[in-house]
Each structure stands twice: as structure tokens, then as C-alpha cells.
Amino acid sequence: MERLFMNEAIKEAKLAYLQKEVPVGAVIVKNNKIISRAHNMKETLIDTTAHAEIIAIRKASLVLNNWRLLDCSMYVTLEPCPMCAAAILQSRINKLYIGTFDPNLGACGSVLNIVQNDNLNTRVDVKWMYDKECSHIITKFFKERRNKN
Numbered sequence: 001m002e003r004l005f006m007n008e009a010i011k012e013a014k015l016a017y018l019q020k021e022v023p024v025g026a027v028i029v030k031n032n033k034i035i036s037r038a039h040n041m042k043e044t045l046i047d048t049t050a051h052a053e054i055i056a057i058r059k060a061s062l063v064l065n066n067w068r069l070l071d072c073s074m075y076v077t078l079e080p081c082p083m084c085a086a087a088i089l090q091s092r093i094n095k096l097y098i099g100t101f102d103p104n105l106g107a108c109g110s111v112l113n114i115v116q117n118d119n120l121n122t123r124v125d126v127k128w129m130y131d132k133e134c135s136h137i138i139t140k141f142f143k144e145r146r147n148k149n
């Protein structure tokens, strides 16, 4: 099932790529069912907070009619940034599956580790999937962007 859910997050990342957004996708799962899905929409919405994770959390909260996403898992193609990692903690998501690391802004172990900080009152179980497709789409996007400039 983990592979299936990460593939769904990758589909969302591909949608972001087609929209010239940073290609990150996320899905939130409860009881082995996807309850929300999203991709980055920062450029489209002209909104700094319109990251895939934030949008997916907002949608899942509406589905469950609760900001506490207890017993939920998130699958995301790129390691969350500090803002998203904090939102994941605040939402009480239990498990986070990450497709690839972010050496620049990663807040789940690469640069910082917000989601497993012993000084905070909540933690998230993290599973790194090291997915080649997740790495490829993000690398391709930024390579194309650099070559364009």
C-alpha cells in the first residue's frame, strides 16, 4: 500500500510540474483510504503558504471536520520545509512518508528535524522512501528553470 499511496503523491507532483509549480505532491490517508490530495499551487494562487502539504492538511481537516488528523498518514514527494513540518506536527498526523530529501530546506532530518524534536510535545513517525521518480521530477524541474534563465 505504501507504494500505491506514494504513486498517488507523484501524480500530484506531476500536475504541479505541468502548471509550472515546484513539483511536490501530497496525499493524506486514513484507514487505507486517501482522504485528501494536493500539489503545490504557490504560483497559481500567489500564496506563499500554498504548499502541497498545507493544502492537503486543509482538505483533510474539512473531510474529517476536525483539525486533528489523528490516525492519518501523509505521503509527500519532497521532504517538507519548516512551515509544512510544523503544520504536520500541529495537525497530529501520525506517520509521514517522504519520497526524497531536500538539502536546502528539509525540516524532517536533512537540514532541521522539526517533526522528531524531543523538545516538542508531539512527534511524527517518519519513513524515508528514497523514490527515484520523486528525485527525478524535482531535479528536472530546477534544471529546466536554471537553463531557462
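Position 137 (the sequence shown) corresponds to 137 in UniProt numbering; numbering is contiguous.
The beta carbon of each residue, even a glycine, is placed where N, CA and C say it ideally should be.
Note that this is a predicted model, so its numbers are computed, not measured.
* **Backbone secondary structure at S73 - three-state DSSP** => Correct three-state label for S73: strand.
* Is the segment 102-119 in contact with the segment 44-64, if contact means three or more CB pairs nearer than 8 Å? -> no
* Using only alpha-carbon positions, find the residue among W67, V22, T44 and E144 that is nearest to E79. => V22
* Exposure of N40, with buried meaning 16 or more beta-carbon neighbours within 10 Å -> buried
* To do: Check whether the Cβ atoms of V124 and G109 lie closer than 8 Å to each other.
  => no
* **C108 in three-state terms, based on DSSP** => Reduced to three states, the DSSP call for C108 is strand.
* Asked: First and last residue of the alpha helix (DSSP H) that includes I10?
  -> Its alpha helix (DSSP H) spans residues E2 to L18.
* To do: Quick one: grab the DSSP three-state call for E26.
  => The identity of residue 26 in the sequence shown is Ala, whereas the question assumes Glu. In the structure shown, the three-state DSSP call for A26 is strand.
* Could you tell me which residues DSSP puts in a beta bridge with A38? => According to DSSP, which records beta bridges pairwise, A38 is partnered with A26.
* What is the rounded straight-line gap between the Cα of L62 and the Cα of I28? -> For L62 and I28, the distance between alpha carbons rounds to 12 Å.
* For I114 and P82, believed in contact at Cβ under 8 Å, the rounded distance -> 6 Å
* With distances taken from CA atoms, which of I93, N147, H136 and T100 is nearest A56? -> I93
* From the DSSP output, read off the bridge partner residues of I98. => V76 and W128
* Assuming C72 contacts A60 (C-beta within less than 8 Å), just tell me the rounded distance between them. => 7 Å
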